[in-house]
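Encoded as structure tokens, the structure appears first; notes follow it.
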Amino acid sequence: MNENELAKIVFEAGLAVHRTLGPGLLESAYEECLYYELYCMNMKVEKQKPLPLIYREIKLDVGYRIDLLVENKLVIEVKSVEALNDLHMAQILTYLRLSNIKLGLLINFNTVLFKNGVKRVINGNL
Numbered sequence: 513m514n515e516n517e518l519a520k521i522v523f524e525a526g527l528a529v530h531r532t533l534g535p536g537l538l539e540s541a542y543e544e545c546l547y548y549e550l551y552c553m554n555m556k557v558e559k560q561k562p563l564p565l566i567y568r569e570i571k572l573d574v575g576y577r578i579d580l581l582v583e584n585k586l587v588i589e590v591k592s593v594e595a596l597n598d599l600h601m602a603q604i605l606t607y608l609r610l611s612n613i614k615l616g617l618l619i620n621f622n623t624v625l626f627k628n629g630v631k632r633v634i635n636g637n638l
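What follows is the structure, encoded as structure tokens:
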């Protein structure tokens, strides 16, 4: 399954979570429910996956964590904020670069329409 196919599945799973819970909850609630939806679809999904920073020849554990990593091909960053901003975009771009993954989804569950809170982010360094 390629990244775009995975992104479509994750979008549909996120939509199911949003329809059930609506906006206004904590990020951790949405993350856990989205994880569960994907797990029930027999997807390989890891939550709070540690992401080290490699500088020259040293590996630094500086506390970066990917909210959800799907099939080792898609980074999901979950938010529940009033509006997404440049800092959120920079965060997921950093995760994509450090993990050498091509595609990510930045998902803000705190929206009336779920589709308005989903941003596709492409790692242009690959």
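The opening residue of the sequence shown carries number 513 in the numbering used here; numbering runs sequentially from there. Here a beta-carbon is modelled for each residue, glycine too, at the ideal position from N, C-alpha and C. Being a predicted model, the structure only gives us computed values, none of them experimental.
Which residues share a DSSP beta bridge with P562? As a first step, residue 562 must be located in the sequence shown, where it is residue number 50. Answer is R577.
Cβ contact (3+ pairs, closer than 8 Å) linking the segment 589-601 and the segment 549-569: no
Whole angstroms is fine: what's the gap from N554's alpha carbon to Y548's? The residue you call residue 554 lines up with position 42 of the sequence shown. The residue you call residue 548 lines up with position 36 of the sequence shown. Their Cα atoms are separated by approximately 10 Å.
Taking the straight line between their C-alpha atoms, what separation do you get for G526 and G636? In the sequence shown, counting from the first residue as 1, residue 526 sits at position 14. In the sequence shown, counting from the first residue as 1, residue 636 sits at position 124. When rounded, the distance between both Cα atoms is 25 Å.
Indicate whether V590 and Y542 have their beta-carbon atoms separated by less than 8 Å. Counting from one through the sequence shown, the residue named residue 590 turns up at place 78. Counting from one through the sequence shown, the residue named residue 542 turns up at place 30. Yes, they are a contact pair.
Between the Cα of L546 and those of K614, K627, L572, I588, spot the shortest distance and give me the residue it belongs to. In the sequence shown, residue 546 corresponds to position 34, counting from 1. Among K614, K627, L572, I588, the Cα nearest to that of L546 belongs to I588.
So, helix, strand or coil for L572, using DSSP? Your numbering for residue 572 matches position 60 in the sequence shown. It is a strand residue.
Do you know offhand how far K631's Cα is from L618's? In the sequence shown, residue 631 corresponds to position 119, counting from 1. In the sequence shown, residue 618 corresponds to position 106, counting from 1. If you take the alpha carbons of K631 and L618, they lie about 5 Å apart.
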